[in-house]
Every structure is written in structure tokens, then in C-alpha cells.
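4 protein chains.
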Amino acid sequence: MAKNIQDPPVLSPSAPRQALLEAYTRVRRFSEQLCAPLVIEDYVIQSMPDVSPTRWHLAHTSWFFETFVLLPHVPAYESPHPQYAYLFNSYYNSVGERHCRPKRGLISRPTVQETYAYRQYVDERISDFLLTCDENVLQKVAPVVTLGIHHEQQHQELMVTDIKHVLSCNPLHPVYLEQPTYPAQPPATLEWISYPEELAWLGYAGDGFFYDNEGPRHREFVDAYQLGSRLITNGEYLQFIEDGGYQNPLLWLSSGWNTVQAEQWQAPLYWEKQDGRWMMMTLSGLRAVEPAEPVCHVSFYEADAYARWADARLATEAEWELAARLLPIEGNFVENQTFHPVPLATSTTSELPLQMYGDVWEWTQSAYLPYRGYRPAPGALGEYNGKFMCNQFVLRGGSCATSITHIRPTYRNFFPPDARWQFMGVRLAREV
Amino acid sequence: MAKNIQDPPVLSPSAPRQALLEAYTRVRRFSEQLCAPLVIEDYVIQSMPDVSPTRWHLAHTSWFFETFVLLPHVPAYESPHPQYAYLFNSYYNSVGERHCRPKRGLISRPTVQETYAYRQYVDERISDFLLTCDENVLQKVAPVVTLGIHHEQQHQELMVTDIKHVLSCNPLHPVYLEQPTYPAQPPATLEWISYPEELAWLGYAGDGFFYDNEGPRHREFVDAYQLGSRLITNGEYLQFIEDGGYQNPLLWLSSGWNTVQAEQWQAPLYWEKQDGRWMMMTLSGLRAVEPAEPVCHVSFYEADAYARWADARLATEAEWELAARLLPIEGNFVENQTFHPVPLATSTTSELPLQMYGDVWEWTQSAYLPYRGYRPAPGALGEYNGKFMCNQFVLRGGSCATSITHIRPTYRNFFPPDARWQFMGVRLAREV
Amino acid sequence: MAKNIQDPPVLSPSAPRQALLEAYTRVRRFSEQLCAPLVIEDYVIQSMPDVSPTRWHLAHTSWFFETFVLLPHVPAYESPHPQYAYLFNSYYNSVGERHCRPKRGLISRPTVQETYAYRQYVDERISDFLLTCDENVLQKVAPVVTLGIHHEQQHQELMVTDIKHVLSCNPLHPVYLEQPTYPAQPPATLEWISYPEELAWLGYAGDGFFYDNEGPRHREFVDAYQLGSRLITNGEYLQFIEDGGYQNPLLWLSSGWNTVQAEQWQAPLYWEKQDGRWMMMTLSGLRAVEPAEPVCHVSFYEADAYARWADARLATEAEWELAARLLPIEGNFVENQTFHPVPLATSTTSELPLQMYGDVWEWTQSAYLPYRGYRPAPGALGEYNGKFMCNQFVLRGGSCATSITHIRPTYRNFFPPDARWQFMGVRLAREV
Amino acid sequence: MAKNIQDPPVLSPSAPRQALLEAYTRVRRFSEQLCAPLVIEDYVIQSMPDVSPTRWHLAHTSWFFETFVLLPHVPAYESPHPQYAYLFNSYYNSVGERHCRPKRGLISRPTVQETYAYRQYVDERISDFLLTCDENVLQKVAPVVTLGIHHEQQHQELMVTDIKHVLSCNPLHPVYLEQPTYPAQPPATLEWISYPEELAWLGYAGDGFFYDNEGPRHREFVDAYQLGSRLITNGEYLQFIEDGGYQNPLLWLSSGWNTVQAEQWQAPLYWEKQDGRWMMMTLSGLRAVEPAEPVCHVSFYEADAYARWADARLATEAEWELAARLLPIEGNFVENQTFHPVPLATSTTSELPLQMYGDVWEWTQSAYLPYRGYRPAPGALGEYNGKFMCNQFVLRGGSCATSITHIRPTYRNFFPPDARWQFMGVRLAREV
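Protein chains in written order, with UniProt numbering: chain Y, 1 to 432; chain D, 1 to 432; chain Z, 1 to 432; chain A, 1 to 432.
In C-alpha cells:
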């Protein structure tokens, strides 16, 4: 795995030619660096419907640039493999027929090598195009390229979480990347940080890149609240388990309790008990559960039940965003290459909340819904966000699998309440 | 079916003894009046997991009074059938084991006659108790009896919608209650009524009965908006159908589109095409679809897709509540015994929105979530509302199967986005 | 329940007019006598896809006579309810569309009373017709009426087993018919009765009624074999359970073992352990498992596994038929109204096998396949037997729910290997 | 793909040391030759639960020799990967826990290369062992090695049929091995060859290798019958399709008709209509359906329905075996490397049935049941055949994916009646 990964700049739609190409190239290379530890067999497996094979991610992100940049804007462009459009379209109903998502793992060809050749072909054409196109074409195409860069960063996060799931299905517990273990002390006591009531402006305001679901900027009234000073740890979550948290229906949402029983959940995803001791599958293989680490791979149901057990609640996304506005974007992101949340040093304290960015996505109690006045963009790219605004909850802050250049205070991630395979964790909130 | 149904008063927890007993008796009798058109065979069928047999509703509502009033407060009380507690508990995990919901239709005994005897037994004991208990006991028990009365009204609505579903499964199209047909003219053009922005107080404020999910009273900022002056009609919905609404994925939420395809939806529930003509199953049997009637038995997905097609959106529950505050509670409720939404007279116009109460529940775009500061009540009755706050959407205003004394401007009904068997319809909203 | 039930004669296709009508009437009445203990609610429930509601059986058997006798042969006949043809056709694809089998329990109308009226209507028309039709018409129609009589007897057996399943789903353990309990001693030791090798003629030969699957008569070579002198008892089967029979995969067919695990079988159907003691649901309610009774409600998988555990095997249907030819048809049939297998007196011994007829159907190791030269009858009645010749096993000898006039040495019953809700038991065989 | 494949000799359990090792080596090499056209990605995919990844077949067959030869007989042997026992056990319950069959496609490691290394390790140890072990050890171990050789041949057939299924799931229609196309003329008219009645000895008699399900040798009476002179062709089957065979329930077994409707079968597996023309996926890619070829990839249900449509029936396995005894074992086997059934030359005629061996397995109408006196072998190897004797039908004669040295007149293959992914076809029979 390459070591000196530099961040792509936050691109505005008007990024100049060279900067755009550099950002493009850097992101495209990073996808390939993430695959360096894999053997060919790892690339083709789909371990559950939510997971896509790594090879699919590599091809799909290239198809995105081919479909939305090269085909509409480069008259002479011919796809080397027009039939890939069917295989590697994800969910853009308006772009044409597509291969059924749960069947992505049934396809052995194109091979991994052919997929890399396809990537390279697209990269060369994009590079030629960006360097030579007219300025007015560039103005039109730059926002799409920028969207494609951020789209690829999203798939990079999925590549990390998906390959973790694939490897976790193997009783041999394969290792993606060896990491040193470290002795860890429990972090400082959780404090409560207070915020006053506010008729606040929320949503993205600026001239950089943002997803349509982060706007429009709009007002919400937010009552006074308190936020936990740090993430909940494995050690704290173990107390919930040991207190019978998974056996007490009164702690759970009704559909959450049904899920606990149907799936026989007894702990976060990837935890297993061996000889009375909790172990967890990580991208460094099977390890003992470390109490000082932030708890991870819990569903919304579990986060919500934990909060109820702890006599608190999850934050709303507005509360989270107001607190995050004040903080620098720094933390344990994918560029660190830990591929795992890391403990807070025992001595770390702060007047401001810690671990807001990176480590784990933080479940909020907000359903994923459109902001006041939201309209999806016209055309195929309008299918990006809006159509998923149903039966999902918002997560904020990014994780150890997110690029630091990908996150913003207004960034809204979203998953169904039973999803667990992303790096998802818990921060508490409460009324004053 | 009895004709002179009088409304139970809106009860406050401090209702005096006689008024409480009268309200109790009136509601209990009404449940039985709703069953008058049924044959015994109708009482036992569960046509889908969401539906309960009528006999179950009759027994469960009695069990509620036995469990939460008689057993805790009448020392000498002995249940005539202690094993009913297992059969007729619905979802109160804290009260003990319960019979699996989807199996309610497998139970032929107790018979309908035995169920009525059980109801009568409970009624006599409640009556004795309410007339004779100490005043301080009455103070403690009155809120629970009042809750039981409203609980029974909810089950009355379900009895109507469930028996409609049961009868709709029968190719013979049985009739629950004959109703005269009427010639209907299309209603007046839909107008848009404007409301200014407001930092509003929302949720129940008063000293009558309300459900815990209607509070706490709290502030929300609501931007300026417009509301459609009336409900959407079958005629308007038919245009959506004929314009290919059910074939165009771009109009639908992603999970909605999946449902349309999996369930092969082509029209609202209960509609079927016969010889090229749309017919609908009603509680008066199979009838031609009447263009002037409010459209009914549509899911949230369909309401949302219709709104998108109409270049509008659904209202938020805050918007609906602010508009409803100003209106008298009147409309086509279950006391009318139409058991069906009715057309608006063509000449009806108003500066205020029409049909806000009664006819059909109105889907909002608000996910069903706790209000700021919400805490469920302690004990078993706390399982009433809060644990369903996930993957459901709020509906407002009541329907032709709701009691007029059951509804309030702050009343929050909720169902998953694919539910259709309630009387559910569409009102549009939009930005100014 | 009526007490003096006389047997209908075994009818040949050429039965004279009066005898035919008497047989018809006697069988029709018996269906109704079987329903005497039921309440209306019992008639409408379908507790699993294999089970039909009692009301359906009553209507379907009447539909059979209407469809195959009255409509084709009585020119003036008009069905009072032509739409019943859709509801009460079972599986005759060639007769027209039919209501989906698993939905039989969703239909509350026609009511039980209407169903009896329909029966009576058909009975009167059949009676008129049989008394007045021309002799040559009678010759043509008598075989169909006779088939209808036997068809109704089959449904009588299903009515008994289906209502048992319906009542068993009720945690209240309702009683169909109280029966005295009796002290029972274990039967005499199981002996082995030897039969020599034979090139045998098998299948029906005679001029009475038989089903097409009992012919053509044909030769099979049967090697020398031994047959157990009596049925396996609950006491013997308990030893298999206590020896870990349900935990040892080596005793089971592969698909049987999968079923044991998926269904978590630990004992025959209707057995449940209460306070460490095996109880069983019977048509007389919940009772202790009686060791002396023949084991009942076991699947082919369990019968086969038991036989393997006992170092024996099940008989082939040829072996069973050769042994049964020599025996009088007598035993514990439905006319006894025990509705349950009965223990053999301890002192009973015989040179010939005991309990071959009645009590429980005996699983054979023969797959249900056509005999050499088998051709289904032309027309709709040809759908009766042949199309089920796949993935089923043959059972022989009738049960306590079978009419004594319905059984023959050549009679072939058949069910899939995981079916258990019929009265099914075990007789062992082995090589010499 | 290697060209000069020589047949392994038919081994008797007492094969001398060198011959045994040569046979072992030849079969092991052939498995690897079959994989030569594959890319690594092809090895890991499981396209349906019945299919195993090629890599799994390669490892499982090696595990077989390790488990049943090396571990019990070579005291110093240590498995290089003891955990493979869990991953590559197929269904031997008595050998220990095993990885769930439908999850074989979720495992990316061991890699293909590691799997080949494991094979080589086992091969070297087996080779050393067979060359050096004591003669009395050899006598004990030779039957197990021989069983392992035949076991591997079975998996070779599955490798061919499984990779065909995997590639067929790919919309790109990848090619396993290019084959020349050939113009083909329809074969000569189908003739009927007559056989007299016979009290026959059936089952294996000899001193070569055979599976336990081919014995014991026993007598059956077989009436006179006729057998079709050749296999049914695509052209003949197309007439069945065009005559509405897939739309007529009267031609089908009941469970077959359910399958036709549930799976929406309209033609054999791998057929698809393009622009009104029937195409078929083959191991040489997508090709037009060739009318002269034997029809292939039909289920028992389809073979049975075709026979009924053709006013004939399928043969019993006894009838097939009696006819086959008289014929030399020759035909289109896997050694030909056509990987597809081939047409009969138009001019070919014979007094004896043609195409009995090779090309396609021939469905019989015989359920797969134990022969009289059958007992599985003791120990784990006894789990090989007997436990599958339920709900399967027998096929005879081998196919273009079978080794010529693997087949015998008494060889019994078996599959459930809805299986289609093997090379399975149709020969007709009828009464005289």
C-alpha cells in the first residue's frame, strides 16, 4: 500500500484545468492503492446484496466518467466495451437497463485485469479531454467531473467496508493489512457540552462542492441541548450487553426488537465470543475487543437502544451540524490507513466535542428527508440522492474509511436502521 | 345497524364518574353496532398479517380494560378466562407472552358468542367498579379508562378497514352495508391557500385527552407555504395513471418503485379493471370508480409520486397542524355511516382548506418521530406509541372510519409507506 | 354425534338405482354427522396450506356432484350459484379457473348455513335424477356417482385430520369429542411373519369400485420377506427419541435431516413436553402420551429413520399388498368414532399380522409411481390421481379416520415424505 | 487444453500398485486440464446453491484423499491446512462440522494458487504412500483410492456443468472453449426396438469397481417393452414447444406444472429467444439451436411431459439396463472434448438403440430407491449414496461431460425432478 497519500483539494465547480485533472488522477490512483492488498479472488465476491465486488466498484466508477463525461462531451469517443453499460450501471433508471444488484457476484468476466485496462482507457481519455477541451466545455464539464471524483470517494469507502464484509465471511479470518496492536487506556469520563437554543441556518452555504441533499440552506429552530464530549466506547457498550440490553424489549424500537430476534443479534457486527471472550473481525484479522476503542458496526436500532439504556438519546442532525460548524475537520480518516476507529488518549479533554469527524459515522435520530425546498437535479444525475429519502436515518461526520477531503459539516450520509457493515457508532445527546 | 349514534364527549382525565361511565358505555356499544352487519364467519378471518379478525378486536379491547383497570384496581376481580391474556394481548411485551400476530386467524375459539359474553362480563364489572369505587381510586383510574375508550375507538377504525380487506378477498364481493349511489359532479378547481412563515408552537396544549406522541408542546420554525384547498379526487388520480404514473421510475422513491414492481401495483388498492372500466371494492360491494370522490387507499409511495407528478409535494405535519388549528372539527366521520369518502359539492368553495377532517387520512411528508423532549409513559402503557417511531410516515385528519370524538388537530396517525388498507388519501402542498 | 352409522355397500359401477341412491345418501349424511361437534367458527379456518376449511370440504364435495353429474346429464339443471365453481374447484385444471388453494381460509362467504343449503339443493336434484333418469343414462352416470361417493369419503378423512390441525393451533386445546380414557398395557412382543418369494399379480382385480391408480393388474417379482406382527407403539418410538434419534444424522435421509433441523422436529406432530412429560393433542383434547397406542402423526422421514434405528426397514407396497390379501378388512375405522388409534390388547397374538387395516396408514418404502401400463382416464376425472405421481410415498391400510367401506388391499394412499397431519404410523419389514 | 487424454483403466479393488498410481495420476491431471481454459475469477463463483465453485471442487477432491487415505493410513501425515477440513467437506456428517453449502461462493481464500499447491502436496504424499506402503496396507487402501478416483470423475462432470452455469449467468456470454460449428442433417426416423418379458437379474455383477447403490444384484420382473432407437432431438422438442407444450397443464405432473409456472419455463435451460429465433448458451458461447442435436438441459418434468405429449413414456431403469447390457460402451464422452451432445448422422441406423451411452443422461421414470437388500457401507463413506434416496429420479448412460471409464450399464445417476443444469435428455419407451 502506497504511503504518501496527499489529499485532493476541495474542488469548486470552477476548478481550473490542471487542478481538476490532478484531483481526478489522485482519486483514481487511490482507488487502486486501496486494492493493493487484495488477491484476484477477493475482487469478485458479493457476500450479501448490499455488498458489491471490488471489481464492480472499480468498473462502475469508470463507467460513471465514461457515461456522464466522455460519451456526452467527446464526439469521437467510442466505448471499448459498450456492454459494460449494462453491467456497471448501479441505479440510474433513466440511463437504461441494468444488471440486477444481487447478481453482481455471479459475473466472473470482465476479469480484474480487463477491468484495470478499462479504467486506464477511461483515465487516458479523460486526461486528454481535460487538457484539450475548450474552456466553455470545461466550464460545463467540470462540475460533472467533480461529482465523479466525490462519487469515487464514496465508492472507496464502500470498497473498504465491502471487502471487510467479504473477508469476514471466511472462517480463516484473512488479513487485509497487518496493523500493530497497541495498549489502550480507557478515555476520560464522558462530559456534556451545552448549546443554547437558536433559530439556525442549516445546510450548505459556500462555493465548494456539495451534494444536492445538503441544501437548500434553510432555517430550523433548535432548542437548547447537550452533546456527549466523545464517542461511546466498546467498554461502555459491553456494559449494555452485560446488563441484558439485547434481551430487554423495552429498550428497543418495535422493528428493532423484531430484527434482534430474527437475526439473533447479541453484539455488534463482527463480534464473536471465543472461549468466553469477545473477539472482533477487523481488517487486520481477528482481534480481542479493545474496551477503549469507539464502538463500531452497530445499527441505528442498537445506537438508539443504547442511548435509551443510558438515559439519553441520539442527536438530531441539526444539533450535530450546529456543533460541528465550530470545529476543524480533522480526525482518523482513510488517509491514516488504520482502517479502524482508534481510542482517544486518556488525557484528552476539551471544551468542544472530540471525535466528531472520522473514526465512525455517528447515527442521528433524524430520518433522512428532503430539506425544505429540495428539488433533485434534472436528468440522470438527479437520481443520486433524493429517491432514497425514505426509511433511512442520517449519519454524520465520516469514518476511518472516509476521505478527509470528502467530508463537510453539512454532509448527510444515510442508511436503513438495520445496516451495520459501515463504520457506524454512537454519540449521545440530551435535553438541558 | 343502529341509527342514532351520539358522540362520546371529549373526556379529560378528570371526567366525573357518570360522564365517564356513559362515555365508556357508548363506545363499547358502538363497537358492537359496527358488527351488526356481520355473519359469524366474517369475525374469524385474518386476510393478511396487518389485519386482525373482528372477534379479536372485540376481545382485545375487553382484555385492555380487564388488564389495566380491573386486575390492578379491583382486588376481588378474577378473570373468567385467564388464558385470554395470552390470546388477546397485542404488543405489550412487558405484560407477558402473547400469541403471534400473524396467527390470529388460526383460532376458532373462543367463539363469537363467548367473546360477546366476555365483553359483557367486563362491561358489568367496569360499570360496577366505576359507580362504586372511592373517589381517589377514580382519580387514578379515570385516565386509564379514558385511554381505553380512545384505544377502543382506534380498534373500531381497524374493524372497519379490516373487514373491508376480508370481504375484498372474496371473489363474490360481499356487501357489508348497502348504500345508495348518487350522481356526483367534479368538485371546484383546486386552489392554493397561503400561510406565512411562523416560529410556531406545535403539539397538544389543553386539558383534554391526548396521546403521548402529541406532546411535548414545542417550537418549530415553519416557512411560508401553500396548501391545496381540497383533497385529490379519483378523477385527478386517473390522469396520473393514464399518464403512465405507475410505469415511470423517476416519479417514485426508490423503495416505492421496488414495491410497485414487486406488488405489480397499477392503481390504488381495491381497484380492478373489468372490461376496460375501473371498478372498486367498497363496503357496499363492487362499484364503478367515481371521479368526483377523494382518491383513497393509496400508499405514501403513491401519494408522494402523485405529488411529484403534479409538480407539488405533500405537506409536513407542522404545516398541516397550523392550518387545521383554525378549523372546526367537522366532516365525513364514521358516525355518518357512509364508510366511504364522499365527493365535495361542485359549488363548495372556501377561503380555508376543505375536507381537512374526515373522509381520508392525509399522508404528510413527515417521518413519524418523537417530538423534542418526548418520553414514553412508564410501565406497559408506555409501549403504546413510542416504540413505533421508525420507518413510518405521519397521517393527519381522520377518515370516514374515524370517530369524530377521536380526532384532534394535533392527532398523529402513522403507517409504513407501503400501507394502503386504511382510508388514506392525498392533499398537496407547495412552496410559496 | 349420531351413533348408528351403517356402512355404505361397496358399489360396483353397475349398482342398481336404489342401492346407488342409498349409498349416496348415507355418505352425504355422514359428512354432516362428522360436523356435528363443530361451531360455525371452526368451519372457516385454514391453519396451513395443506388444510382446507371444513366448509370448503362440504361445498367442494357438492360441487363435484354438480359438475360431473348434474350439469352434464340434467339438461334443465341450473346451478343456484354458478360462481361457486370458481371457489370450490380443487385442482381440475381442465374444468376451468379456480381459487388459489392457500387462500381458502380467506373466504367467509358463502356462510356455513348457505353451504348446507347448497348441499341440500344438490342432494335433492341428485335424488330426483337418480330415481327418474333413463336406465341407459343411469348406466353412464352410475360410475361417476360412485366415484363421487368415494371422493366424498376421502374428504371425510381430510375433514377429520384438518379439523384436528385447526384445533391444535389453538392454545386453549379445544375438544372435538370427549372420549373416555382407558388404562392400557403394552402389547405383546413384536414378532416377524415370513412370506416366501413370489412372481405375484398385483393391483386391483374384481368388479367393484377402485381408483385408476390401483391398476392395471400386473406382475411383480417379490423376494422372500418378513413383516412385523403389529404396528410400532408410542412406547417403542419413545425409546428412539430417548436414544437421540432426532439428533443423529446418520439415521436419516438427507432431505429428512434437513427437515428435522429446519422444522426443529423433536417428536411426532401434536406432541409437546409439559413439565418433562410428553403430552399429545388429540380430538379429545390434550392427553398424556399413551405408550401402548400405535405411534401416529409421523412423517415418512421419521418412519424411515425409526426403521433404520431398529435395524429393519419399511415394507414395499407389493409386500404389504401380498400380506393383506389374506386378511379380512376389519379394524379401528372412522365408523368406530374413536378418531384415534387404539392399543392392541396385551394378550392378542396371531399368526397373521395384526392392525393391518385401520388405526393408522402405514408408510411403505415405495415411491408413488404408475403401475406398468397405467393411463389416466380421459377428461377432467383423469386428473384425479396420475398427476401426483412424483415425490410422494405410498401408504396402505387406512386409518381411524377412514371409512371401512373405502379401503381395499390394493388401495394406494400417498403423501410427500414430510407430511404428518394424517393418521400415519409405522410397521416394520426386513429381509429373511 | 491437453489433447491426448488416455482412459484410466477400470480398476478393481485389487489393482496392482503401479496401475493404481497411474490411474490416480491420470485422473488428477485431467481435473486440472479441465480448468485450463479458466481465468482465476471463474474459479470462485457459485451461481446457485447446486453449483460449487471450481476451486471448491479442486480442493474437495484433494480433501477426500487426505481424509480417507492419508490421515488414517499414514501415521506421520500432517495436513498443511487442517482448517480446510471444515471448508471442503461436502456432506459427510460423520466426519465433522462443515461449511454451509450455499456459502461456498463467499470464500475468496485459499486462493486458486494455494489450492493447486494443496493438490500437489496431497498428490506427492499419495504417490509416495502408494509406492512404498506394505502390501497388506495397499490391499486395504486400494478400494478407497479407487473410490476417490471415481469420486473425482464425478466432480469433473460437475466442474463442466457448474462452470457452464456460471458462465451462462454472464450477459457477455463468455466462451469456455471454441468449437467449430458443423452443418447437421436431421437424424433418421425414430424406430421402436422390442424387448421380450424377462425375470431379470439386475444390478452390478462383476469384480470391478461399482457404487454401492448399483447392488445388491437382485431379480425384477420386466414385462415386454419397446425402446426408442435414438435420443429425442431439439427439432422434435421444438414441435412440443410450438404445440403449446409449456401452456397445457394436462401434459404435466402437478408439481411439474407448478414449477413451470413459478419459474416461467418456456424452453430448456440455456435457451433464449433473440429476435424470434431460439439461441442456446453452450460452452462455446451463444449459438443457434441446432435441430439435429439431442435435446439437453431438460428436467424430469419436461422429459415426462414431452413423453406424454408424444404418446409414449420414459423407460424404467430396469428396461434401460436390460437394453444397455448388450451394447459396447462407446459414445460422445468428456474425453471427446465436445462438451456438448452431437447429432447422429442421418444415415445411421441400427437394430440396437443408438446413443445409449454418452451425449446426455437419460431420464428414467424410476424413482431413486434402494435395491432389495441394500445396506450402506459402514462409516463415513456409507454416506455416499443411500441418504439421497428420496424425491429423486434415476438417469442412465452418462453424458458428454462424463468420463468413458466412469460409466457402466448398471450405473445409477440421480437428480431431483426439477434439476436441469446437468446434460440431461430424453429417450422414449412404450408398451408393446
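All residues carry an ideal CB built from backbone N, CA and C; glycine is no exception. Computed from a prediction, not measured in an experiment: that's the story for all the values here.
Original post:
Nearest CA to the CA of glutamine 46 of chain D: which residue from D:Arg219, D:Asn170, D:Phe129, D:Gly206?
Top reply: D:Asn170
Subject >> Start-to-end residues for the beta strand (DSSP E) that takes in glutamate 293 of chain A >> reply: No beta strand (DSSP E) contains glutamate 293 of chain A, which DSSP labels as neither H nor E.
Subject >> Length at least 3, wholly inside the region 80-136 of chain Z: the beta strand (DSSP E) runs in chain order >> reply: none
Original post:
DSSP on residue 511 of chain Y, reduced to helix/strand/coil?
Top reply: A query on residue 511 of chain Y cannot be resolved here, the shown segment of chain Y reaching from 1 to 432 and no further.
Original post:
Listed in chain order, which residues of the region 249-264 of chain D have Cβ atoms closer than 9 Å to some Cβ of chain Y?
Top reply: Pro249, Leu250, Trp252, Leu253, Ser254, Ser255, Gly256, Trp257
Subject >> Cβ-based neighbour list, asparagine 4 of chain D, same chain, cut-off 7 Å, excluding 5 preceding and 5 following >> reply: In this prediction, asparagine 4 of chain D scores a pLDDT of 32, lower than 50, which makes its location untrustworthy; the coordinate-derived value is nonetheless stated afterwards. Nothing meets the Cβ criterion.
Original post:
Pick from Z:Glu317, Z:Leu238, Z:Gln247, Z:Arg313: whose alpha carbon is nearest that of glutamate 272 of chain Z?
Top reply: Looking at Z:Glu317, Z:Leu238, Z:Gln247, Z:Arg313, the one whose alpha-carbon comes closest to that of glutamate 272 of chain Z is Z:Leu238.
**OP:** State yes or no: is the beta carbon of phenylalanine 388 of chain Y nearer than 8 Å to at least one beta carbon in chain D?
**Re:** yes
Subject >> Interface positions of the region 25-47 of chain Y facing chain A (Cβ-Cβ less than 8 Å), listed along the chain >> reply: Val39, Ile40, Glu41, Asp42, Tyr43, Val44, Ile45, Ser47
Original post:
Under three-state DSSP, which class holds alanine 19 of chain Z?
Top reply: DSSP places alanine 19 of chain Z in the helix class (H, G or I) of the three-state scheme.
Original post:
Given leucine 409 of chain D, which residues of its chain have a CB within under 6 Å of its CB, disregarding the five upstream and five downstream residues?
Top reply: It should be noted that the sequence gives proline, not leucine, for residue 409 of chain D. Excluding sequence neighbours, proline 409 of chain D sits near Glu321, Ala324, Arg325.
Original post:
Per DSSP, what kind of secondary structure is leucine 199 of chain Y in: helix, strand or coil?
Top reply: In the structure shown, leucine 199 of chain Y sits in a strand (DSSP, three-state: E or B).
Subject >> Rounded separation between phenylalanine 129 of chain A and tyrosine 118 of chain A - CA only >> reply: 16 Å
**OP:** Run down chain Z in chain order and give the residues with a C-beta less than 8 Å from the C-beta of arginine 219 of chain A.
**Re:** Correct list: Phe221, Asp223.
**OP:** Note down the Cα distance separating glutamate 97 of chain A from tyrosine 86 of chain A, rounded to an integer number of angstroms.
**Re:** 6 Å
Original post:
Quick one: is asparagine 93 of chain Y near chain D, going by C-beta distance under 8 Å?
Top reply: yes
Original post:
Can a CB atom of chain D be found closer than 8 Å to the CB of alanine 276 of chain Y?
Top reply: This sequence places glycine at residue 276 of chain Y; alanine is not what is there. Output row for glycine 276 of chain Y: interface = no.
Subject >> Counterpart residues of leucine 314 of chain Y in DSSP-defined beta bridges >> reply: Y:Leu428
Subject >> Amino acids of chain Y, ordered along the chain, whose beta-carbon sits closer than 7 Å to that of isoleucine 404 of chain A >> reply: Neighbours of isoleucine 404 of chain A on chain Y: none; closest Cβ ~30 Å, over 7 Å.
**OP:** State yes or no: is the C-beta of arginine 412 of chain Y within less than 8 Å of the C-beta of glutamate 319 of chain Y?
**Re:** no
**OP:** Run the CB neighbour count on threonine 132 of chain A, radius 10 Å, all protein chains shown included, and call it buried at 16 or more, exposed below.
**Re:** exposed
Original post:
So, helix, strand or coil for arginine 55 of chain Z, using DSSP?
Top reply: helix
Original post:
With a cut-off of 8 Å, does the C-beta of serine 399 of chain Z fall near any C-beta of chain D?
Top reply: no
Subject >> Host beta strand (DSSP E) of glutamate 41 of chain A (start-end) >> reply: Careful: glutamate 41 of chain A lies outside any beta strand (DSSP E) and carries neither H nor E.
Subject >> Straight-line gap, methionine 389 of chain A to leucine 369 of chain A (C-alpha atoms, nearest Å) >> reply: 5 Å
Subject >> Burial state of tryptophan 63 of chain Z, where buried means 16 or more other Cβ atoms lie within 10 Å >> reply: buried
**OP:** Helix, strand or coil for phenylalanine 393 of chain D, going by three-state DSSP, please let me know.
**Re:** strand
**OP:** Scan the region 219-304 of chain A and note each continuous alpha helix (DSSP H) run of 4 residues or more that stays entirely inside, going in chain order.
**Re:** 234-242, 254-263
**OP:** Measure the alpha-carbon distance for valine 260 of chain Z versus arginine 219 of chain A and round it to whole angstroms.
**Re:** 35 Å
Original post:
Do you know offhand how far methionine 159 of chain A's Cα is from leucine 34 of chain A's?
Top reply: 8 Å
Original post:
Near glutamine 179 of chain Y, what residues of its chain come up, given a Cβ to Cβ distance below 6 Å and the 5 sequence neighbours on each side ignored?
Top reply: The answer, listed in chain order, is Ser284.
Original post:
Between A:Gln365, A:Glu197, A:His150, A:Ile163, which lies nearest to arginine 308 of chain A when the distance is taken from Cα to Cα?
Top reply: Comparing Cα positions, the closest option is A:Gln365.
Original post:
Is it the case that the Cβ atoms of proline 343 of chain D and histidine 297 of chain D are separated by a distance below 8 Å?
Top reply: no
Subject >> Within 8 Å of chain Z by C-beta, residues of the region 363-378 of chain A in sequence order >> reply: Gln365, Ser366, Ala367, Leu369, Pro370, Arg372, Gly373
Subject >> Chain-order list of residues whose beta-carbon lies under 7 Å from that of tryptophan 252 of chain Y (same chain, five-residue window excluded) >> reply: Val260, Tyr301, Ala305
Original post:
Which residues does DSSP pair with phenylalanine 415 of chain A in a beta bridge?
Top reply: A:Phe393
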